[in-house]
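Data block below; observations after.
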Amino acid sequence: MEARLKQKSIVTIDMGGTKILAAVVNSKDGIIARAKTPTKSNSGANSYIKSLADITFKAISNAGLKKSDIRAVCLGIPGSVNPHKGVIGLAPNLGLKNFEIKNRLQKKIPFPVLIENDVNLGALGVQKFGVGKKSKNLLAIFVGTGIGGALIFDGKMYRGTDYIAGEIGHMIIEENGPVCGCGKKGCFEALASRTSIVRNILNDKRTKKESIIGKIVPPGEKIKSGALAEAVRKNDKIVLEHLTNACNVIGMVTANACSLLNVDTVVFGGGLIEALGKTMLPIIQKSFNKFVFAGSAKSIKIIQSKLGDDAAIYGGVALAEEFLRIKV
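In this text, residue positions in the sequence shown follow the working numbering: the first is 41, and each later residue adds one.
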């Protein structure tokens, strides 16, 4: 521990819809300690800010560190944010809109507060500590409950005019397609996320008789990525068919994005990819090869992130360096 105390750290907080996860991290030791707490839905803004402050101090305590060892707190937020003003535009899963989270939290803790979209933060982690280290121009696509994206050009995060660049999940792929959580029809997310795959499996008239998913997941419980992976391992043809359909869409959308952007690396992450990457990536690659403009595909690597949920945690280190010129 004495050696660690010489290296300053930050706290990164992943603000999920069901849990808040905080981790003390630096580039030398990696993740030193973690703390988590359930997200209290509809508990009110003051209660939520208190939860963030409490989890920050809990993580520092778990690491055996002092407040003076911490240089910043970085928040990964599932929604639109303005990282310069520290304001959440809209985070539907958290019930927060036009929320000045930086100023509110800053009053509760003695550290600089930074905020970023969670997928952007994950992409920064992949670029600085993961498989994207050698990438100059990177597209990150995280597939899970929804589909998120992030863009890094010339080694720097591209956030767009209104800080919402990378929302690949809400590109319209099928006019009058399934309704997306955003309210529009036919979004990429509505066609290829875990949510859409599960919906298609449950709506398939063959599922009751021919799929084993009902034996894996008790009635009334959510079908998560792990259950889909187990069904695929047991060669469930219904599950594999709908997963393949989603992968074909993912490959096509990725090809279109790369024809436009000419990145050198596409990194896939997220819960579904983490559970089923070995099955999905070859199908995605085949679809990608079919649809991509040949000239755009010369130098592209399509790879899976190996950092899992920790990608966003590590991304906090890069965010602190970008905004505060702090190296930890």
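The C-beta atom is built at its ideal place from N, Cα and C for all residues, glycine as well.
Check: Look at the alpha carbon of residue 290 and the alpha carbon of residue 232, and state the distance between them as a whole number of angstroms.; Outcome: 7 Å
Check: Is residue 352 helix, strand or coil when you go by DSSP?; Outcome: helix
Check: For residue 365, I'd like the list of residues in its chain whose CB is within less than 8 Å of its CB, leaving aside the five on either flank, ordered along the chain.; Outcome: none
Check: In three-state terms, what does DSSP make of residue 333?; Outcome: coil
Check: On the DSSP letters alone, give me the boundaries of the beta strand (DSSP E) that residue 189 sits inside.; Outcome: 187 to 193
Check: State the Cα-Cα distance for the pair residue 301 and residue 255, rounded to the nearest angstrom.; Outcome: 44 Å
Check: Confirm, please, whether the CB-CB distance from residue 118 to residue 56 is below 8 Å.; Outcome: yes
Check: Taking Cβ to Cβ, would you say residue 145 is nearer than 8 Å to residue 112?; Outcome: no
Check: Does DSSP put residue 73 in a helix, in a strand, or in coil?; Outcome: strand
Check: Are residue 307 and residue 180 close, meaning C-beta to C-beta below 8 Å?; Outcome: yes
Check: I need the straight-line Cα distance from residue 148 to residue 73, nearest angstrom please.; Outcome: 21 Å
Check: Among 261, 51, 47 and 293, which one has its Cα closest to the Cα of residue 150?; Outcome: 51
Check: For residue 208, which option in 190, 218, 216 and 223 has the closest C-alpha, if you only look at C-alpha atoms?; Outcome: 190
Check: Whole angstroms is fine: what's the gap from residue 260's alpha carbon to residue 242's?; Outcome: 12 Å
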